[in-house]
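Protein chains in written order, with this note's numbering: chain R, 1 to 256; chain X, 1001 to 1405; chain S, 2001 to 2334. For each residue, glycine too, the CB sits at the ideal point set by N, CA and C. Take a look at the structure set out below.
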Amino acid sequence: MDIVVPIKFVPDLVEEMEIGESGKALDRTFMRLIPSEQDDHALEQALLLKERHGGTVTVVTLDAGDVDETLFTAVANGADRAVKVRGEGFDKGINNHAASAVLQEALKDIPFDLILTGTQAVDDLDGSVGPLLAARLGLPYVGYITGIALEDGKVVARKEYPGGMVADMEVALPAVLGIQAAEKPPRYVVTSLVLEAMKTATIEEREAGEADCSGAAGVTRVYLPQAVERARMLEGDANQVADALVALLKEHRLLS
Amino acid sequence: MTTVATTVSTNGGLAFYNKVLEAVPQGERVRLCLQCGACSGICPNGFAMNYPPRSIIAALRADDFAPVLESDAIWLCVACFACSNVCPAQIPLTTGLLAALKNEMLLRGKAPAELQTALANSRRYGNTLGQSPRKRAEWAKDLTPPVPIMAEHKEPVEVLWYVGDYASYHPRVQKVSRAMVRVFQAMGVKFGILGPEENSDGDAQCLIGEVGLFEMLALKNARAFDKYEFKEVVTTDPHAYNTMKNEYPGLGVSFPIKHYTQFLAERFDQLWPLLRRDQKYRVAYHDPCCIGRANHNDIYDEPRRVLSAIPGIELVEMPHNRENSICCGGGGGGMWLDGFSWERTRTRTSEWRVAEALSVGAQVLAVACTYETPRFDDAVKSTGHEGDLMVRDIAELLAEALGSG
Amino acid sequence: MSQHIWLVVETLRGVVSEISYTMLAAGRELADGLGGRLTALLLGYNTQELAATLGAADSVTYVDHAALADFTPDAYQRTIAGMINEDPPRAVLIGHTSMGMDVACSVGIQLGVPLITSCRRIRVEDGTPRYVSVTCGGKVMVEGEIPGPTCLVTMVPGGYKPEAGRREGAPDPSTWLRTKVYRLAPPTELNDLRVSLQRYVEPEAGDVDITRESILVSVGRGIQQQDNLKLAEALAAALGGAVSASRPIVDKGWLPTSRLVGKSGKAVKPRLYLALGISGAPEHMEGVPDCETLIAINTDERAPIFDAARYGAVADVLKLMPVLTEKIKQAKSG
Chain R
1 MDIVVPIKFV PDLVEEMEIG ESGKALDRTF MRLIPSEQDD HALEQALLLK
51 ERHGGTVTVV TLDAGDVDET LFTAVANGAD RAVKVRGEGF DKGINNHAAS
101 AVLQEALKDI PFDLILTGTQ AVDDLDGSVG PLLAARLGLP YVGYITGIAL
151 EDGKVVARKE YPGGMVADME VALPAVLGIQ AAEKPPRYVV TSLVLEAMKT
201 ATIEEREAGE ADCSGAAGVT RVYLPQAVER ARMLEGDANQ VADALVALLK
251 EHRLLS
Chain X
1001 MTTVATTVST NGGLAFYNKV LEAVPQGERV RLCLQCGACS GICPNGFAMN
1051 YPPRSIIAAL RADDFAPVLE SDAIWLCVAC FACSNVCPAQ IPLTTGLLAA
1101 LKNEMLLRGK APAELQTALA NSRRYGNTLG QSPRKRAEWA KDLTPPVPIM
1151 AEHKEPVEVL WYVGDYASYH PRVQKVSRAM VRVFQAMGVK FGILGPEENS
1201 DGDAQCLIGE VGLFEMLALK NARAFDKYEF KEVVTTDPHA YNTMKNEYPG
1251 LGVSFPIKHY TQFLAERFDQ LWPLLRRDQK YRVAYHDPCC IGRANHNDIY
1301 DEPRRVLSAI PGIELVEMPH NRENSICCGG GGGGMWLDGF SWERTRTRTS
1351 EWRVAEALSV GAQVLAVACT YETPRFDDAV KSTGHEGDLM VRDIAELLAE
1401 ALGSG
Chain S
2001 MSQHIWLVVE TLRGVVSEIS YTMLAAGREL ADGLGGRLTA LLLGYNTQEL
2051 AATLGAADSV TYVDHAALAD FTPDAYQRTI AGMINEDPPR AVLIGHTSMG
2101 MDVACSVGIQ LGVPLITSCR RIRVEDGTPR YVSVTCGGKV MVEGEIPGPT
2151 CLVTMVPGGY KPEAGRREGA PDPSTWLRTK VYRLAPPTEL NDLRVSLQRY
2201 VEPEAGDVDI TRESILVSVG RGIQQQDNLK LAEALAAALG GAVSASRPIV
2251 DKGWLPTSRL VGKSGKAVKP RLYLALGISG APEHMEGVPD CETLIAINTD
2301 ERAPIFDAAR YGAVADVLKL MPVLTEKIKQ AKSG
């Protein structure tokens, strides 16, 4: 089974988010871009399927800046091909409608049975790449997947619903699946293997044109939330905070 | 040190054996193993390993290495150097055999998840805690006078103080860092820190066998050091001391490095008049593995000398002291494997150490390592001895003795 | 340009989901603000009676077909796209959920209609509808205009009280006569579906049903190591409650899914929710919509959880837990 894993680069929330001067976008000066966590899971799931059933795994990403290490890491991890698509404005961040159009174009000469990608990314505003890509390709899409099995040549995807309910969906291939979590946490790749991949593997580079961002709404303002009601903060060291909490719990009759 | 850590040993024993031979200088001493078992006996977790060091070598010789690779016992090793220290054939067990086996397991993807996270964090953020590198000097931001951060300070300093991951980000250990600032300032030392330019020292990564990552971190630190003028690097972190003194030179990175107790012991005459407030405690000093028996760093006297400068302190020795010290359990990845270790051993070496301190009537357990303050604090609580024993870094005791201002 | 508003009602195994009422509240405000009608689109098979609780809408369009008995992406997407195509409204509200997100994107692309997701609130200013969406784990808010003539908007909870969406609805069947219900057949053929439901899998009956606990000690990434769970368990025991968790803890396998609070886990309504080392991302907060007393402890003073909490402290949970456990034990015995 040939699997394609599109990877999207998103702001790392470990860093503080800052608003850019225009007030309409985030300030990218100190922004660290990392592969979307659920895309890491999608790659892990793809590699698990490859280990079980054979086939190939191709990783595709838009060039948002510092993406090479991630691609080499994917190859060191077991991916067979790594494709980087460059285009105007990709480093400033393009919306998912544009990204999915770019991917659709890039996939024209990459054969696949299955596309796995994270079910959503933290900076999604105009939908998610997976379902948008599926729609452009005319393929079925199921999201919030936490397990994939191959049964008699059919793909059965385990879909999560709220409340812990889960449903097994049979999906005709080719298809796109949005991964919520892989069956195992994404594996760590030893640095020396990544360095070796950097020496021996090649990243295929493509050029896309300008990105078509239509399909999303306009943004007039981006801001950090100011809570109307913020929590009443308790001060002090662990002892003092604990004392204050005990007093509060008594007050609210929660210590019976 | 050559980086051989790219091939998984498909021929089980032989390829691994060659890896050990090449991994460290003196690697071939592994051939001299007497199978005496001193290593397995002295290992704090040896009783819970189905393949302690002796058995690993025995398996190699018997060409029956596959079971070793199926065992996860290696992750109980906390890189305390007790085995290396006691081996009559002087085999580099900790840095050679055991690190190579950990590397082998990592290459096979067989490492506990918490460890993988710590490694991934240090690769991405330059610290094992996964915190923003931009916040690495936040612990110092409200101090007056301010702590010089080299990128802003732009002047030569006497001492480039390497702070370390836990001392920068962990709330308990940040207190130690702030105490150290007071000591440096009281002594008029011209010092500076790298702040956001500082990366994980690489000691844990090196001893876990993630050689490539160790090299990457060491070279990043070296690049930062190269930018500035200083007489020596002083560190409050024994792991940093150990790796910068013993492993960095193998990468061509060399500079004068001291543990802070060495630095202060040298300046004893300048230090002791500043310590005016009586600290009336019975203090047991815990020798950290990494400045002690590790690689024969042998820093045992200097911390005691520094402690003797503090008025009111009564220093007592614990039975397991100096090169026989009991590891706190944090090295070689142990910092992230407490759950893993507990499930298999049902003991904590840190609790053993606390019990020993209490047995000699200590009121304070003095430490000099950034892993130790949180680990021994935890052990004091988990053994129900809160209030009976205080855990203090020497820097904290000094700061207290300085008095106000 | 039409000023009518639609919402796609979400149901799971015969129960109308909470998000539907959030959308009813939002849709009601929006329709009133624009002077249009609010229509609830309900898909199903012999589930017409679910329309009874949708009274906040002006009308309910019920589409009935065997292929719509359970949610599957293909069938629902084709039906919704077909309905919109016949009579495009100003805006279509869809739940930002496992079901809603499976269809919203494909409907948008298929019809060439723009899409806005993660929307928490919609306002009408000078006759123009505007959205407020939440991104980056709750740390960044985005605002803009909802473009015409038709736009899809997926909604997350938090901006409206679901009760507001229920205010005119009641389980009393006689009330739904006030709301017109149109029963239709699907606009397109629903054969050759590429996704079919094989089976539902009930959630594991865990040891503890956190939805029934009145005190929850909930842990997130801030507990750092599995070993530290015992501190939370000790605290929960001292309080007489149970331990729950956010996604990262369950994904690591440190606690079973039965303990997961949040979008893909359970919604809980305890009297006391102690959020320890939890940042407060929207996916988690969805699980604690209305807690009497939410107390948050986190080392990051900018964590979004402090906006939802009643009380908070910037502290290290690993230090605090044992101290707090002791003091609670003392307070209870003393």
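- Taking the Cα of residue 2297 of chain S as reference, the smallest distance to any Cα among S:2286, S:2310 and S:2252 is reached at S:2310.
- Bounds of any beta strand (DSSP E) do not take in residue 2292 of chain S, whose DSSP letter is neither H nor E.
- Residue 1360 of chain X and residue 1390 of chain X have their C-alpha atoms spaced approximately 14 Å apart.
- Excluding its 5 nearest sequence neighbours in each direction, residue 1130 of chain X has C-beta neighbours in its own chain below 7 Å: 1121, listed in chain order.
- Sixteen is the threshold: since fewer than 16 other Cβ atoms of the shown chains lie within 10 Å of the Cβ of residue 1034 of chain X, the residue is exposed.
- Within its own chain, the residues whose Cβ lies closer than 7 Å to the Cβ of residue 2009 of chain S, once the five positions on either side in sequence are excluded, are 2016, 2020, 2040, 2041, 2042 and 2054, listed in chain order.
- Here DSSP, grouped into helix, strand and coil, assigns residue 1350 of chain X to helix.
- Among the CB atoms of chain X, one or more fall inside 8 Å of the CB of residue 192 of chain R.
- In its chain, beyond the 5 residues on either side, 1278, 1279 and 1280 have a beta carbon closer than 6 Å to the beta carbon of residue 1312 of chain X.
- A distance below 6 Å between beta-carbons, with the five flanking residues on each side excluded, links residue 2119 of chain S to the following residues of its chain, in chain order: 2131, 2133, 2153 and 2155.
- Per DSSP, the beta-bridge partners of residue 142 of chain R are R:177.
- Any Cβ of chain R closer than 8 Å to the Cβ of residue 2189 of chain S would place that residue at the interface, and such an atom is absent.
- For residue 2137 of chain S, the nearest beta carbon of chain R is closer than 8 Å to its own beta carbon.
- Residue range 1338 to 1345 is occupied by the alpha helix (DSSP H) that includes residue 1342 of chain X.
- For residue 2251 of chain S, no CB of chain X lies under 8 Å from its own CB, so it is not counted at the interface with that chain.
- For the pair residue 1329 of chain X and residue 1346 of chain X, the CB atoms are not nearer than the 8 Å cut-off.
- The stretch 140 to 156 of chain R makes no contact with the stretch 12 to 26 of chain R; the number of CB pairs closer than 8 Å stays below 3.
- As the crow flies, the alpha-carbon of residue 2032 of chain S is around 22 Å from that of residue 217 of chain R.
- DSSP lists S:2039 and S:2092 as the beta-bridge partner residues of residue 2006 of chain S.
- Residue 2060 of chain S places its beta carbon 8 Å or farther from that of residue 2069 of chain S.
- Contact annotation, residue 1294 of chain X with residue 1242 of chain X: C-beta distance approximately 5 Å; criterion of less than 8 Å satisfied.
- Boundaries of the beta strand (DSSP E) around residue 1315 of chain X: 1314 to 1316.
- X:1082 is the residue among X:1205, X:1082, X:1343 and X:1060 whose C-alpha sits nearest the C-alpha of residue 1326 of chain X.
- In the DSSP assignment, residue 2155 of chain S falls within the unbroken beta strand (DSSP E) covering 2151 to 2155.
- For residue 11 of chain R, the nearest beta carbon of chain X is not closer than 8 Å to its own beta carbon.
- Distance check between residue 1385 of chain X and each of X:1210, X:1356 and X:1262 places X:1356 closest, using alpha-carbon atoms only.
- Looking from the CA of residue 2025 of chain S, the closest CA among S:2098, S:2002, S:2093 and S:2219 belongs to S:2093.
- Residues of the same chain with a CB within less than 7 Å of the CB of residue 215 of chain R, apart from the 5 flanking positions on each side, are 97 and 126 in chain order.
- In this structure the stretch 1012 to 1021 of chain X touches the stretch 1099 to 1118 of chain X; the number of beta carbon pairs closer than 8 Å is three or more.
- Secondary structure note for residue 1303 of chain X: its alpha helix (DSSP H) is the uninterrupted segment 1301 to 1308.
- Closest in C-alpha terms to residue 2076 of chain S, from the list S:2096, S:2104 and S:2090, comes S:2104.
- Scanning chain R for C-beta atoms nearer than 8 Å to the C-beta of residue 1125 of chain X yields 14, reported in chain order.
- It is roughly 15 Å from the alpha-carbon of residue 2146 of chain S to the alpha-carbon of residue 2007 of chain S.
- In the displayed model, residue 154 of chain R falls within a strand according to three-state DSSP.
- Only those residues of the stretch 2114 to 2142 of chain S whose C-beta falls short of 8 Å from the nearest C-beta of chain X would be listed, and there are none.
- The C-beta distance from residue 2216 of chain S to residue 2289 of chain S rounds to 14 Å, too long to meet the 8 Å contact threshold.
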